[in-house]
Amino acid sequence: MKVAINTGGGDAPGLNAAIRAATLAALKRGWEVVGVKNGYGSIYTDDPFIPLDAQSVRGITLQGGTILGTANRGNPFDLPYKKEDGSWDTKDVSGHLVQTFEEHGVDALIAIGGDGSMNIASRLIKKGINIVGVPNTLDNDIYGCDITLGFDAAIDIATGAIDRITTTAESHQRLMVVEVMGRYAGWIALYAGIAASADVILIPEIPFSYESIVEKINERESKGRHYTMIVVAEGGMEKDGELVTKGKTVGQQVQLGGIAQRVADELSERTGKESRSVVLGHLQRGGSPSTYDRLISLRFGAAAIRCIQERDFNKLVVLQDNRLKRIPITSVANKMKSVPLESDTLQTARDIGICLGD
Ligand code: F6P
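Numbered per my numbering, the sequence shown spans residues 284 to 641.
Put into structure tokens, the structure is as follows:
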């Protein structure tokens with residue numbers, strides 16, 4: 284059996300742990316393992332794979348990033364290329380990918396990634412590739428997964444950052460608006476915001492009104508609290524408003540960002556208070572995985588190999604109710620896990636007096 288491992292899309296702490304567990308579990312069965320370089324991004328080169336052995340995965344559990352490299356512009360069905368006139372377009376190179384896998388004798392692929400990677404995987408399945416998926420994204424938004432690898436480290440980093448920003452907000456009696464990642468889901472904003480005792484949390488699932496936030500600021504002022512901590516998800520938006528984006532590059536998803544500055548400016552205007560915005564950005568994706576992330580990544584990686592051994596292909600290994608399960612990759616493609624409006628975490632936020640902007 285020859286297994287290829289691919290890490291595609293945005294990286295997250297825990298990827299290397301998953302690669303290590305999958306590699307060691309495969310080697311233990313006497314199989315061969317290769318890594319796909321740069322998330323399909325190098326599929327056109329002479330050398331698209333990295334051989335993986337016990338030595339190459341030694342000591343990587345605690346390393347952030349991915350030793351294989353990744354690409355946000357590596358969708359084989361929509362691969363960007365530069366045309367002769369210098370402009371960019373995309374083309375479908377999935378046939379070439381399938382052929383490369385065949386030529387190298389790859390029997391099964393472990394696709395580690397987020398929603399984009401699972402959409403690609405579900406299309407590659409139709410082209411005859413045997414795939415097992417592993418859910419990786421700090422956004423925690425993959426349908427059918429209680430938790431994805433990278434989320435725990437991300438909320439830990441975001442919580443620590445909001446804690447630190449709170450002390451300077453209080454000293455300067457300012458409104459501080461912290462923007463966190465998460466794309467169209469509010470998991471990071473909600474979890475880190477609650478844990479760091481933010482006063483206002485704005486998530487995409489609940490479009491906000493400035494009136495509601497100003498009311499909260501005024502309530503705090505009346506109690507002598509002359510600062511307010513606001514956490515906003517990058518996909519958060521005003522009621523009847525639009526997503527704040529930084530544009531789109533060919534072959535990539537639209538880049539979100541800028542909502543924190545917009546909220547800070549508008550709130551200063553409305554309250555007369557000084558404000559600052561901070562975008563945590565890629566800090567949330569870097570560095571060593573948390574203990575929890577290491578553990579689920581190792582569990583996911585080894586479980587993927589057991590799936591392959593049983594020839595139970597085209598499944599995504601997931602955690603549901605703290606048990607490892609397998610669900611069809613096609614059942615999660617083109618879907619997203621939002622924060623449920625009835626979730627007890629949202630209710631907790633309301634119960635402890637956090638304003639959710641509605
Ligand atoms: O999907 C993970 C993620 O970190 C999102 O939270 C964020 O919007 C996006 O990736 C950023 O992507 P890039 O690394 O291309 O800027």
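All C-beta atoms in this analysis are idealised placements derived from N, C-alpha and C, irrespective of residue type, glycine included.
From a predicted model like this one, the values you see are computed outputs, not experimental measurements.
How would you write the range of the beta strand (DSSP E) that residue i sits in, first residue to last?
i: glycine 293; result: Per DSSP, glycine 293 belongs to no beta strand (DSSP E) and is neither H nor E.
i: glutamate 315; result: 315–319
i: alanine 566; result: For the record, residue 566 in the displayed sequence is leucine; it is not alanine. Here leucine 566 belongs to no beta strand (DSSP E), and DSSP marks it neither H nor E.
i: isoleucine 403; result: That residue, isoleucine 403, is in no beta strand (DSSP E); its alpha helix (DSSP H) goes 398–409.
i: isoleucine 484; result: 483–485
Using DSSP with H/G/I as helix, E/B as strand and the rest coil, what is residue i?
i: cysteine 428; result: coil
i: threonine 371; result: The question names threonine, but residue 371 is tryptophan in the sequence shown. Note: tryptophan 371 maps to strand in three-state DSSP.
i: threonine 528; result: strand
i: glycine 443; result: helix
i: arginine 594; result: coil
i: lysine 608; result: strand
i: valine 537; result: coil
i: phenylalanine 434; result: helix
i: alanine 616; result: coil
i: valine 463; result: strand
i: alanine 479; result: coil
i: alanine 516; result: strand
Based on the DSSP secondary-structure assignment, which residues constitute the bridge partners of residue i?
i: threonine 511; result: Leu458
i: leucine 392; result: Ala287 and Ile414
i: phenylalanine 491; result: Glu521
i: arginine 545; result: Beta-bridge pairing links arginine 545 to no other residue.
i: isoleucine 496; result: Answer is none; isoleucine 496 lacks a bridge partner.
i: leucine 599; result: Gly416 and Ile610
i: serine 558; result: Leu458
i: tyrosine 474; result: Beta-bridge pairing links tyrosine 474 to no other residue.
i: leucine 335; result: Val316
i: leucine 362; result: Lys374
Measuring CB to CB, does residue i end up less than 7 Å from residue j?
i: valine 677; j: isoleucine 471; result: Shown here, the chain extends from 284 to 641; a query on residue 677 therefore has no answer.
i: alanine 308; j: isoleucine 395; result: no
i: proline 418; j: isoleucine 425; result: yes
i: glutamate 514; j: valine 546; result: Inspection of the sequence shows that residue 514 is occupied by valine rather than by glutamate. Their beta carbons are not under 7 Å apart, which means valine 514 does not touch valine 546 by this criterion.
i: alanine 404; j: isoleucine 612; result: yes
i: threonine 450; j: methionine 512; result: no
i: proline 359; j: leucine 380; result: yes
i: proline 331; j: serine 339; result: no
i: valine 461; j: isoleucine 445; result: yes
i: tyrosine 493; j: alanine 452; result: no
i: isoleucine 393; j: alanine 587; result: yes
i: serine 626; j: leucine 432; result: no
i: glycine 357; j: tyrosine 323; result: yes
i: methionine 401; j: glycine 416; result: yes
i: valine 622; j: glycine 469; result: yes
i: glycine 519; j: leucine 550; result: no
i: glycine 352; j: lysine 320; result: yes
i: glycine 348; j: aspartate 435; result: no
i: valine 601; j: glycine 399; result: no
Relative to the alpha-carbon of residue i, which residue among the options has its alpha-carbon at the smallest distance?
i: threonine 299; options: Val546, Leu335 and Glu315; result: The identity of residue 299 in the sequence shown is asparagine, whereas the question assumes threonine. Nearest C-alpha to asparagine 299: Leu335.
i: lysine 618; options: Asn423, Ile440, Arg577 and Gly313; result: Asn423
i: glycine 564; options: Ser492, Gly541, Gly291 and Thr344; result: Gly541
i: asparagine 605; options: Lys598, Phe583 and Arg589; result: Phe583
i: proline 296; options: Asn597, Gln567, Thr532 and Leu310; result: Gln567
i: serine 370; options: Tyr493, Gly534 and Ala468; result: Gly534
i: threonine 306; options: Thr328, Arg341 and Asp372; result: Arg341
i: alanine 475; options: Arg466, Gly416 and Ile440; result: Ile440
i: threonine 574; options: Leu351, Ala437, Val561 and Met401; result: Ala437
i: glutamate 498; options: Asp641, Met284, Ala354 and Thr349; result: Asp641
i: tyrosine 467; options: Ala481, Pro490 and Ala479; result: Pro490
i: glycine 609; options: Ile591, Glu521 and Glu552; result: For the record, residue 609 in the displayed sequence is arginine; it is not glycine. Minimum Cα distance to arginine 609 is reached at Ile591.
i: serine 454; options: Ala354, Ser558, Glu315 and Glu593; result: Ser558
i: alanine 478; options: Asn321, Ile637, Asp375 and Asp398; result: Ile637
i: aspartate 429; options: Arg457, Ile288, Leu599 and Gln456; result: Leu599
i: lysine 285; options: Asp294, Ile333 and Ile350; result: Ile333
i: arginine 508; options: Gly524, Asp372, Lys556 and Gln544; result: Lys556
i: lysine 531; options: Gly397, Lys366, Ser614 and Asp372; result: Asp372
From which residue to which residue does the alpha helix (DSSP H) around residue i run?
i: serine 573; result: Taken as a continuous stretch (DSSP letters only), serine 573 belongs to no alpha helix (DSSP H), as it is neither H nor E.
i: leucine 629; result: 627–634
i: leucine 310; result: 298–311
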